[in-house]
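Here the structure comes first, spelled out in structure tokens, and everything after it is commentary.
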Amino acid sequence: SDREKRVLEERFGLKDGRPKTLEEVGKMFAVTRERIRQIEAKALRKLRHPSRGNKLKDYLG
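Heads up, the final residue of the sequence shown is numbered 764 in the working numbering, and it's a clean run with no missing numbers.
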């Protein structure tokens, strides 16, 4: 989802090169850091799934 993508971009600094903490990302999305952790875990699970591999490769170039 778009939300999962944005969470991963912020957490790992994919846009600006500066990774953010769960707390920082939580404040951006107005949710708890635990909820951000859950969203991040779900998104990473999806990326690890074989059928999603091509989408990740497309994103990374």
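Quick reminder that beta carbons are idealized off the backbone N, C-alpha and C, glycines included.
None of these values were measured; they are calculated from a predicted model.
Closest to residue 723 by CA distance: which of 734, 745, 710, 733 is it?
With distances taken between CA atoms, residue 723 lies nearest to 710 out of 734, 745, 710, 733.
In terms of residue numbering, what span does the alpha helix (DSSP H) encompassing residue 718 cover?
Where residue 718 is concerned, there is no enclosing alpha helix (DSSP H), given that its DSSP letter is neither H nor E.
Taking DSSP as the reference, what is the three-state secondary structure of residue 745?
It is helical.
If we call anything under 8 Å between Cβ atoms a contact, is residue 739 one with residue 706?
No.
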